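Trainee:
Number of protein chains: 2
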Amino acid sequence: MVLTEPPLTQTDCAECPIRHRAVCARCEPTELEQLESMKYYRSFEAGQTVIWSGDRMDFVASVVEGIATLSQTMEDGRTQMVGLLLPSDFVGRPGREVAAYDVIATTSLTMCCFRRKPFEGLMIKTPHIGQRLLEMTLDELDAAREWMLLLGRKTAREKIASLLVIIARRDAALKQVNTTTRIVFDLPLTREAMADYLGLTLETVSRQISALKRDGVIVLEGKRHVTIPDFDRLLGETGDDADGGPLI
Amino acid sequence: MVLTEPPLTQTDCAECPIRHRAVCARCEPTELEQLESMKYYRSFEAGQTVIWSGDRMDFVASVVEGIATLSQTMEDGRTQMVGLLLPSDFVGRPGREVAAYDVIATTSLTMCCFRRKPFEGLMIKTPHIGQRLLEMTLDELDAAREWMLLLGRKTAREKIASLLVIIARRDAALKQVNTTTRIVFDLPLTREAMADYLGLTLETVSRQISALKRDGVIVLEGKRHVTIPDFDRLLGETGDDADGGPLI
DNA sequence: CGCAGTCTTGACGGATCTCAATACAGGTGG
DNA sequence: CCACCTGTATTGAGATCCGTCAAGACTGCG
Chain A
1 MVLTEPPLTQ TDCAECPIRH RAVCARCEPT ELEQLESMKY YRSFEAGQTV IWSGDRMDFV
61 ASVVEGIATL SQTMEDGRTQ MVGLLLPSDF VGRPGREVAA YDVIATTSLT MCCFRRKPFE
121 GLMIKTPHIG QRLLEMTLDE LDAAREWMLL LGRKTAREKI ASLLVIIARR DAALKQVNTT
181 TRIVFDLPLT REAMADYLGL TLETVSRQIS ALKRDGVIVL EGKRHVTIPD FDRLLGETGD
241 DADGGPLI
Chain B
1 MVLTEPPLTQ TDCAECPIRH RAVCARCEPT ELEQLESMKY YRSFEAGQTV IWSGDRMDFV
61 ASVVEGIATL SQTMEDGRTQ MVGLLLPSDF VGRPGREVAA YDVIATTSLT MCCFRRKPFE
121 GLMIKTPHIG QRLLEMTLDE LDAAREWMLL LGRKTAREKI ASLLVIIARR DAALKQVNTT
181 TRIVFDLPLT REAMADYLGL TLETVSRQIS ALKRDGVIVL EGKRHVTIPD FDRLLGETGD
241 DADGGPLI
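Structure follows, in structure tokens:
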């Protein structure tokens, strides 16, 4: 991943890039102070495993920078990604001692970790964290349900197109650009990770990307750099209602 | 569905069958009083639509009795069930005006509805409802993620076996019987509903049920009445870790 | 009895997976 | 600088699972 900024070091909450979107978004200054006392930063390199399913987990955390994945693996090795963690997303579950999923950094990753016990205590004493966490969890549930439709009913081509739309949207939101400009981004996932996300094999992912390229729906430079010449055309390939709205 | 009890009429919260598991589980007597003032019961027949995706929704609700499904439909008619609503499950999202999914009663159904605006007000003023709703939402998110693994990676046979295990577990919990006894239950879903849940066609569902029957994994009387002679054998067919624990 | 809804079964085709060979890029060491 | 290696991606051939289309069976009901 192209990461021009210097790596984050422990910051004051007031200057935190995810301050207004993370689980702490609604916190009052006094609550923030308490959070500061139980927080610490951890960094991971691309490819590193943050935690294995079944491991004891003494913290919960917010993703500050980078991308991580949440996935489940069956005995025989089949794996399914069940979540994509972007900056401001929350990891872990208050009250749960043991991780339920594998968490893997797909890019270099910085997390703001809170010791679990004190965090749980703060959640009981103050309302704002729990309220925000409820909102975020409801959003994730909606996203999971949208993903169930994709996994259960969409064709391989539609799955790829849907993933590209999601990444394009996320990227646009991050860069604060709007629809009309040309859409260009780098895929943050390997073909294998995309396959795990979409419930496909990596060969099928590769073939469908080639097909979309051949049909002019996308333009590829190298393996990862994507240009979308006509976003509506791509939207039409997702199988979703014509009107999922424009880019954002 | 075989429903021997008389249909529920509006009850006092204190006598409510889902009192200790629903969104109101943690409420103090004073909070319950307030809830009573904003609640009303609604009943639906099997097959009736409770609400269409996109409809305005001025209430949230708990399922008191019966089973409902949450589903999403694509323009061309492909549909995917994204949730199975059992007694004590919560329907709707505080702060959301418009339903995001179709809700359909698969059996006769009774819901305890709360007018949305007053309910939202109560959520802000008192902590217990929000806390309980957060717990329930986190549980649903876990269930959705488990379902993503099923949809993305399991074979048709494994999908059917997994669904049977879920229904058997739910039924055992309801009847309060334990593992060792013979497991017998009625399927609460049509083949088509099962297909929508599992991301299959109804023909494939039918074929796989026949195959499990032929192989002695299940015994069928009529179309809906199922006996599981060897629960561990069925568990082995789900593809999950050998140890998902026994029946409950 | 006939009808509608639900379910089963068969034949066929196609989308996706599996297995395998090859290509490409970046990094390392000679 | 180039050979080599590793991880990632592409492409092909064949197999397989599941979907599609279609016919027919079972059940309950008017």
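Taken in order, these protein sequences are the chains called A and B. Under UniProt numbering, the first sequence has 204 at position 204, and the numbering climbs by one with no breaks. Under UniProt numbering, the second sequence has 156 at position 156, and the numbering climbs by one with no breaks. For glycine and all other residues, C-beta sits at the position ideal for the given N, C-alpha and C. Bear in mind that the values here come from a model prediction, so they are computed numbers and not experimental data.
Let's test the definition: count the other Cβ atoms within 10 Å of the Cβ of Arg-96 (chain A) and tell me whether it reaches 16, buried, or not, exposed.
Mentor: Residue mapping note: residue 96 (chain A) aligns to position 96 of the first sequence, counting from 1. By the 10 Å Cβ count, Arg-96 (chain A) comes out exposed.
Trainee: According to the Cβ coordinates, are His-128 (chain A) and Glu-28 (chain A) closer than 8 angstroms?
Mentor: Position 128 of the first sequence holds residue 128 (chain A). Position 28 of the first sequence holds residue 28 (chain A). Their beta carbons are under 8 angstroms apart, which means His-128 (chain A) touches Glu-28 (chain A) by this criterion.
Trainee: What beta strand (DSSP E) runs, 3 residues minimum, are completely inside the UniProt domain "HTH crp-type" (154 to 232) of chain B?
Mentor: Runs of the beta strand (DSSP E) inside the UniProt domain "HTH crp-type" (154 to 232) of chain B: 183 to 186, 219 to 221, 225 to 228.
Trainee: Give the DSSP-derived three-state secondary structure of Asp-76 (chain B) in the structure shown.
Mentor: Indexing the second sequence from 1 puts residue 76 (chain B) at position 76. Coil.
Trainee: Step through the CB atoms of chain A and report whether any lies within less than 8 angstroms of the CB of Asp-89 (chain B).
Mentor: As a first step, residue 89 (chain B) must be located in the second sequence, where it is residue number 89. Taking Cβ atoms only, chain A never reaches closer than 8 angstroms to Asp-89 (chain B), which makes this a no.
Trainee: For Val-2 (chain B), I'd like the list of residues in its chain whose CB is within less than 6 angstroms of its CB, leaving aside the five on either flank, ordered along the chain.
Mentor: If you number the second sequence from 1, residue 2 (chain B) lands on position 2. Confidence at Val-2 (chain B) is low in this model, with a pLDDT of 41, below 50, so the placement of that residue should be treated as unreliable; the coordinate-derived value is given next. Nothing listed; no residue qualifies.
Trainee: Is Gln-80 (chain A) near Gly-152 (chain B), with beta carbons less than 8 angstroms apart?
Mentor: Position 80 of the first sequence holds residue 80 (chain A). Position 152 of the second sequence holds residue 152 (chain B). In this structure, Gly-152 (chain B) lies closer than 8 angstroms to Gln-80 (chain A) by Cβ.
Trainee: Give the DSSP-derived three-state secondary structure of Arg-132 (chain A) in the structure shown.
Mentor: Start at 1 with the first residue of the first sequence, and residue 132 (chain A) comes out as number 132. Helix, per DSSP.
Trainee: How would you call Pro-229 (chain B), buried or exposed, if buried means at least 16 neighbouring beta carbons within 10 angstroms?
Mentor: Along the second sequence, one-based indexing puts residue 229 (chain B) at 229. It counts as exposed.
Trainee: Is it buried or exposed for Ala-173 (chain B), if we count other Cβ within 10 angstroms and need 16 for buried?
Mentor: Looking up residue 173 (chain B) in the second sequence gives position 173. Classification of Ala-173 (chain B): exposed, given that the 10 Å Cβ count is below 16.
Trainee: Within a Cβ cutoff of 7 angstroms, which residues of the same chain sit near Gly-66 (chain B), ignoring the five residues on either side of it in sequence?
Mentor: Here the question's residue 66 (chain B) lines up with position 66 in the second sequence. Counting only Cβ-Cβ distances below 7 angstroms, and skipping sequence neighbours, we find Ala-105, Thr-107, Ser-108, Leu-109, Thr-110.
Trainee: Taking DSSP as the reference, what is the three-state secondary structure of Thr-30 (chain A)?
Mentor: The residue labelled residue 30 (chain A) in the question sits at position 30 within the first sequence. In this structure, Thr-30 (chain A) counts as helix in the three-state DSSP scheme.
Trainee: Is the stretch 179 to 199 of chain B touching the stretch 214 to 230 of chain B in the sense that three or more CB pairs, one from each, lie closer than 8 angstroms?
Mentor: Yes: at least three Cβ pairs fall under 8 angstroms.
Trainee: Label Val-219 (chain A) either buried or exposed according to how many other C-beta atoms from any shown protein chain fall within 10 Å of its C-beta, with 16 as the threshold for buried.
Mentor: Taking the first residue of the first sequence as position 1, residue 219 (chain A) is located at position 219. Per the 10 Å Cβ criterion, exposed.
Trainee: Taking just the CA atoms, how far does Leu-85 (chain B) sit from Ala-22 (chain B)?
Mentor: Counted from its first residue, the second sequence places residue 22 (chain B) at position 22. Counted from its first residue, the second sequence places residue 85 (chain B) at position 85. One C-alpha to the other measures close to 12 angstroms.
Trainee: When you check each C-beta in the stretch 54 to 82 of chain A against every C-beta of chain B, which residues fall closer than 7 angstroms?
Mentor: Here the close residues are Gln-72, Met-74, Glu-75, Arg-78, Gln-80, Val-82.
Trainee: If you drop the 5 nearest sequence neighbours on each side, which residues of the same chain put their C-beta closer than 7 angstroms to that of Thr-73 (chain B)?
Mentor: As a first step, residue 73 (chain B) must be located in the second sequence, where it is residue number 73. The answer, listed in chain order, is Thr-79, Asp-102.
Trainee: Comparing the C-beta of Leu-127 (chain B) with each C-beta of chain A, is any distance below 8 angstroms?
Mentor: Residue 127 (chain B) sits at position 127 when you count from the first residue of the second sequence. The residue asked about is misnamed: residue 127 (chain B) is Pro in this sequence, not Leu. Yes - at least one Cβ of chain A is within 8 angstroms of the one on Pro-127 (chain B).
Trainee: Going by the DSSP bridge assignment, what does Glu-97 (chain B) pair with across the sheet?
Mentor: Numbered from 1 along the second sequence, position 97 holds the residue referred to as residue 97 (chain B). DSSP lists no partner for Glu-97 (chain B).
Trainee: Given Gln-34 (chain B), which residues of its chain have a CB within under 7 angstroms of its CB, disregarding the five upstream and five downstream residues?
Mentor: If you number the second sequence from 1, residue 34 (chain B) lands on position 34. Closer than 7 angstroms at Cβ, skipping near neighbours: Leu-122.
Trainee: So which residues on chain A does Thr-137 (chain B) lean against when the C-beta distance must stay under 7 angstroms?
Mentor: The residue labelled residue 137 (chain B) in the question sits at position 137 within the second sequence. Result: Leu-134, Thr-137, Leu-138, Leu-141.
Trainee: What residues of chain A sit near Leu-149 (chain B), judged by a beta carbon separation below 8 angstroms?
Mentor: Residue 149 (chain B) sits at position 149 when you count from the first residue of the second sequence. Gln-72, Met-74, Gln-80, Val-82, listed in chain order.
Trainee: Can you say whether Asp-89 (chain A) is buried or exposed, counting buried as having 16 or more other CB atoms within 10 angstroms of its CB?
Mentor: By one-based count along the first sequence, residue 89 (chain A) stands at place 89. Asp-89 (chain A) should be labelled buried.
Trainee: Quick check on the DSSP output: the alpha helix (DSSP H) that includes Leu-86 (chain B) runs from which residue to which?
Mentor: Looking up residue 86 (chain B) in the second sequence gives position 86. Leu-86 (chain B) -> no alpha helix (DSSP H), and no H or E assigned at all.
Trainee: Quick check: the Cα distance between Leu-141 (chain A) and Leu-133 (chain A), rounded to an integer number of angstroms?
Mentor: In the first sequence, residue 141 (chain A) corresponds to position 141, counting from 1. In the first sequence, residue 133 (chain A) corresponds to position 133, counting from 1. About 12 angstroms.
Trainee: Tell me whether the beta-carbon of Met-38 (chain A) lies closer than 8 angstroms to the beta-carbon of Arg-115 (chain A).
Mentor: For the purposes of this step, residue 38 (chain A) is identified with residue 38 of the first sequence, where counting begins at 1. For the purposes of this step, residue 115 (chain A) is identified with residue 115 of the first sequence, where counting begins at 1. Yes, Cβ-Cβ distance for Met-38 (chain A) and Arg-115 (chain A) is below 8 angstroms.
Trainee: Helix, strand or coil for Thr-124 (chain A)? Go by DSSP, reduced to three states.
Mentor: As a working mapping, residue 124 (chain A) is identified with position 124 in the first sequence. It is Ile, not Thr, that sits at residue 124 (chain A) in the sequence shown. In the structure shown, Ile-124 (chain A) sits in a helix (DSSP, three-state: H, G or I).
Trainee: Can you pull the chain B residues whose beta carbon is under 7 angstroms from the beta carbon of Gly-130 (chain A), in chain order?
Mentor: Locating residue 130 (chain A) in the first sequence gives position 130, counting from the first residue. Correct list: Gly-130, Gln-131, Leu-134.
Trainee: So is Gly-121 (chain A) in contact with chain B if we call contact Cβ pairs under 8 angstroms?
Mentor: Within the first sequence, residue 121 (chain A) is the residue found at index 121, counting from 1. Output row for Gly-121 (chain A): interface = no.
Trainee: Counting only Cβ pairs nearer than 9 angstroms, list the residues of chain A close to residue 314 (chain B).
Mentor: Summary: the structure shown does not reach residue 314 (chain B), with chain B confined to residues 1 through 248, and so no result is reported for it.
Trainee: Find the residues of chain B that neighbour Asp-241 (chain A), judging by a C-beta separation of less than 9 angstroms, and give them in chain order.
Mentor: Counting from 1 along the first sequence, the entry for residue 241 (chain A) is found at position 241. Those are Met-74, Glu-75, listed as they occur along chain B.
Trainee: At the 8 angstroms Cβ level, is Arg-224 (chain A) part of the contact set with chain B, yes or no?
Mentor: Locating residue 224 (chain A) in the first sequence gives position 224, where the first residue counts as 1. Judged by the 8 angstroms Cβ criterion, Arg-224 (chain A) is not in contact with chain B.
Trainee: Let me confirm a value: Ala-168 (chain B) is counted as buried when at least 16 other C-beta atoms fall within 10 Å, else exposed. Which label applies?
Mentor: By 1-based counting over the second sequence, the position of residue 168 (chain B) is 168. Under this definition Ala-168 (chain B) is a buried residue.
Trainee: Measuring CB to CB, does Asp-234 (chain B) end up less than 8 angstroms from Leu-164 (chain B)?
Mentor: Residue numbering aside, residue 234 (chain B) sits at position 234 when the second sequence is read from its first letter. Residue numbering aside, residue 164 (chain B) sits at position 164 when the second sequence is read from its first letter. In the sequence as presented, Asp is not what sits at residue 234 (chain B); that position holds Leu. In contact: Leu-234 (chain B) and Leu-164 (chain B) (Cβ atoms closer than 8 angstroms).
Trainee: Could you name the residues of chain A that Arg-182 (chain B) contacts, counting a contact when the two beta carbons are closer than 7 angstroms?
Mentor: Along the second sequence, read from residue 1 onward, the residue named residue 182 (chain B) stands at position 182. Ordered by position in chain A, no residue passes the 7 angstroms Cβ test against Arg-182 (chain B), which lies about 28 angstroms from the chain.
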